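Student: Chains as they are written, first to last, in the working numbering: chain A, 1 to 346; chain B, 1001 to 1325.
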Amino acid sequence: MAKKTTAKKKAPTNNAQLNDDIGEENRLKMYRLQLEVRHIEQRAHDLFFQNLIKGTSHLALGQEAIASGFGTALRPDDYTFCTYRGHAHTLVRGTSMTAMLGELMGKECGMLKGKGGSMHLTDVEKGAMGSYAIIGAHLPIAAGAAWQAQYNKTGQIAVCFFGDGTTNIGAFHEALNFAVIWDLPVVYVCENNLYMEYTPISEVTAVEHPAADRASAYGLESIIVDGNDADAVYRVAVTAFDKARSGGGPSLIEAKTYRHSGHSRADPAKYRPEGELEEWLKKDPIPMYRQRLLDYGVKEDVVKGIEDSVMAAVDEATEAAKASPPPPLEYAYTDVWADGGSSWRN
Amino acid sequence: MAELIYREAVAEAIAQEMRRDESVVFLGEDIAKAGGVFKATVGLWEEFGDLRVRDTPISEQAILGAAMGAAMTGLKPIAEIMFSDFLAVCWDIICNQMAKSRYMTGGQVDMPLVIRTANGGGARFGAQHSQSLENWAMMIPGLKVVAPSTPADVKGLLAAAIRDPDPVIFFEQKSLYATKGEVPDGEHIEEIGKAKVVRDGDDVTLIALAMMVPRALEAAERLQAEAGISASVVDVRSLVPLDTQTILSEVRKTARVVTVEENPRLCGWGAEISSIIAEECFYDLDMPIVRITSPHIPLASADELEDIMIPSVDRIFETVRQEVD
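(1) Verify the CB distance criterion: does A:I157 have a CB-CB separation below 8 Å to chain B?
(2) Inspect the beta-carbon positions of B:I1229 and B:V1324 and report whether they are closer than 8 Å.
(3) What are the boundary residues of the alpha helix (DSSP H) that B:A1070 is part of?
(4) Report the three-state DSSP secondary structure of A:Y218 (helix, strand or coil).
(5) Is there a Cβ of chain B sitting closer than 8 Å to that of A:W280, yes or no?
(6) Between the stretch 1041 to 1048 of chain B and the stretch 1009 to 1028 of chain B, are three or more C-beta pairs nearer than 8 Å?
(7) At a cut of 8 Å, does the stretch 291 to 300 of chain A reach the stretch 85 to 105 of chain A through at least three beta carbon pairs?
(8) Out of curiosity, what's the CA-to-CA distance linking B:D1185 and B:I1005?
(9) Identify the contact partners of A:Y151 in chain B, using a Cβ-Cβ distance below 7 Å as the criterion.
(10) With respect to the alpha helix (DSSP H) encompassing A:D301, which residues constitute its N-terminal and C-terminal limits?
(11) Does the beta carbon of A:S343 sit closer than 8 Å to a beta carbon anywhere in chain B?
(12) Counting only C-beta atoms, is A:L74 closer than 8 Å to chain E at any point?
(13) So what does DSSP say about B:V1324, is it helix, strand or coil?
(14) Give me the Cα-Cα distance between B:A1160 and B:E1191, rounded to the nearest whole angstrom.
(15) When you check each C-beta in the stretch 1059 to 1093 of chain B against every C-beta of chain A, which residues fall closer than 7 Å?
(16) Please report the straight-line C-alpha distance between B:C1095 and B:V1168, rounded to a whole angstrom.
(17) Would you give the residue range spanned by the alpha helix (DSSP H) that A:P287 belongs to?
(18) Going along chain B in order, which residues have a C-beta closer than 8 Å to the C-beta of A:I134?
(19) Quick check on this structure: which residue in A:E125, A:V159, A:E25 has the alpha carbon closest to the alpha carbon of A:H138?
(20) If I measure Cβ to Cβ from A:G114 and keep anything under 6 Å in the same chain, skipping five residues before and after, which residues do I get?
(21) With a cut-off of 8 Å, does the C-beta of B:G1107 fall near any C-beta of chain A?
(22) By how many angstroms is the C-alpha of A:A266 removed from the C-alpha of B:D1314?
(23) Give the residues of chain A in contact with B:P1241, contact being defined as C-beta atoms less than 8 Å apart.
(24) Give me the DSSP bridge partner(s) of B:E1003.
(25) Can you give me the Cβ contacts of B:M1001 inside the same chain, cut-off strictly under 8 Å, excluding the 5 residues immediately before and after it?
(26) So A:V336 contacts chain B; which residues on that side make the cut at Cβ distance below 8 Å?
(27) Over the uninterrupted alpha helix (DSSP H) stretch that includes A:A143, give me the two end residues.
(28) CA-CA distance, A:G110 and A:S118?
(29) Bridge partners for B:C1267 per DSSP, in chain order?
(30) Applying a beta-carbon distance threshold of less than 9 Å, which residues of chain A neighbour B:D1235?
(31) To which residues of the same chain is B:E1017 closer than 6 Å at the C-beta, ignoring the five residues directly before and after it?
(32) Which first and last residues belong to the alpha helix (DSSP H) in which B:K1253 is found?
(33) Can you name, in chain order, every residue of its own chain whose Cβ lies under 6 Å from the Cβ of B:G1126, other than the five neighbours on each side?
(34) Near A:L59, what residues of its chain come up, given a Cβ to Cβ distance below 6 Å and the 5 sequence neighbours on each side ignored?
(35) Using three-state DSSP, classify A:C190 as helix, strand or coil.
(36) Tell me whether B:D1284 sits in a helix, a strand or coil according to DSSP, three-state version.
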């Protein structure tokens, strides 16, 4: 894990925009988180092509502002649930980069002991309650975690991230209805990156905004946010979280964004119209946010300091994960049951 | 000892566990105010209230997903799926999520929950409300599978399932809901993973589950009286974990074995048990292993048709008499 920057202490600024409701500390954190996600995912991509990561991976390049904005607004004891495109949402909870890359590489240091891989990243201690690889499954599961928080009056909330494709599966509709009738403290976040795997979401959905246009069916407000603007995401998150914590029930938020890469490692995304990617690259959340920090008066050396420290942390985690041995073979036979074993007979 | 009806034993077990543990909660369709469509949960809502006994919409994925999320974060939910046939609409949550999450996360995730469901035929409900589906659950690593045949086992094994730290699918046989039996007074809890020899015999072992247990017992009485055949009857009770020690010990003693299964033929639980017997005590056997099952056909609804499909006392009696002679 990267060392926390001390930039805000050494370079205070009096800029009113910087010290608004979001504040400098949160902004620097969001910039750092976006960079961590970007560089970890690019590193995962590179390691794939060195044959050091097997299986598949689903990158969220271009979508970093959503996980970073929500992640910054969360309490450490809140729960998050995400999909197989879940490197970002797991990382923003503060999980170890080494354990994450180690899992992707199938190493002993992997966060799941080499038994889950890219699509199942989980760090229960950090509240990252799992990455779910069957579309829709985690929406009702997140409702269940919220039910626990409601039942025990813990003040926790559950946040559930999913893609636009999820809005057309039954579990989405079951979960929303269920969360509303039980007033559960859960926030559903649809990351609309315009493509359901290889198919434009607009070609397979009855409404223009796949999540927001369905909200009214469950008595919920229709909420759309610019998913490439971490500040906008943070603000919408704070509002929804306050509502959930104060007994106001669930929210459904649609964050508009774009996936710079294909659906998975195997997908070169040739189905995209010419020029579309280039248009969205102009709205890349990270350079945009960097410029905003500078415009708001953050010093270039502070920004550069964050960038250097993230890069160093990713490099360090990569080397540590590479150096880790493969998982001991006995790991294959553990953790089926609560007793740690796998026996099904006497 | 008090005499209880099978369906009453369900509510007694849940009440017993809810009284001792605040983290036990119960959800499902019509389970609270209506007391369940099979009247197996009468009185629970009145005693434990809205927060712990909750009616749900007809949303099986939401029911089981909510149970799972609650279990992962510290509650001990009991979820009812009204008919086991409906497991098909929420099977993802069971077989991909509940069963695998602990393993896939390297042991990080806990899953202390119970899915109760009304299973099996005999009620003329037709092919979508009568299936005997315990083998579906048995073949998924990570699920415990229990199917009681008596009110005492309903209470003791359901209580044990609720206390169990792993996901348990608890199959209640809907045609047994009205049956009576003695149940020990006070707190009653059994151990999951133990088969029970419910009738001693020397000539043949009948291995049965759920509704097939009383039928095997009745057939055994007739075999003794009408054919002089002494049959041992083993109630398997739990398919996972499977008590192979008790089963193999009875088989070695009698040297003949017949499984009595309500499920359709292919991949029924008896096939797995037969394979274990064949591998581990083949040379103790005096005759080939025999499986009595429902035919590999969707279950029909008319009295006469359903009755010829599900193994009856007559069929068990005739089959065993012919094979053992």
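Note that beta-carbon positions come from the ideal geometry of N, C-alpha and C, so glycine has one too.
Predicted, not measured: the structure shown is a model, and the values here were computed from it.
Tutor: Quick answer:
(1) no
(2) yes
(3) Boundaries of the alpha helix (DSSP H) around B:A1070: 1060 to 1072.
(4) helix
(5) no
(6) Enough Cβ pairs lie closer than 8 Å, so yes.
(7) no
(8) 14 Å
(9) V1025, L1051, L1075
(10) 300 to 323
(11) Yes, A:S343 counts as interfacial toward chain B.
(12) This model lacks chain E altogether, as its protein chains are A and B.
(13) Three-state DSSP puts B:V1324 in a helix.
(14) 6 Å
(15) S1059, Q1061, A1062, G1065, A1066, A1067, M1068, G1069, A1070, M1072, T1073, G1074, L1075, D1092, I1093
(16) 12 Å
(17) 285 to 295
(18) D1092, N1096, Q1097
(19) A:V159
(20) Answer for A:G114: G106, P327, listed in chain order.
(21) yes
(22) 59 Å
(23) Neighbours of B:P1241 on chain A, chain order: S343, W344, R345, N346.
(24) B:E1182
(25) Closer than 8 Å at Cβ, skipping near neighbours: E1182, V1183, P1184, D1185.
(26) R1102, Y1103, P1141, G1142
(27) It spans 138 to 152 - the alpha helix (DSSP H) in which A:A143 sits, taken as one unbroken run.
(28) 10 Å
(29) DSSP output for B:C1267 lists no bridge partner at all.
(30) Those within 9 Å of B:D1235 in chain A number zero; the least Cβ separation is about 16 Å.
(31) V1024, A1159, I1162
(32) 1244 to 1254
(33) Listed in chain order, the non-local C-beta contacts of B:G1126 below 6 Å within the same chain comprise S1301, local neighbours out to five positions each way being set aside.
(34) E41, S261
(35) Collapsing the DSSP output to three states places A:C190 in a strand.
(36) helix
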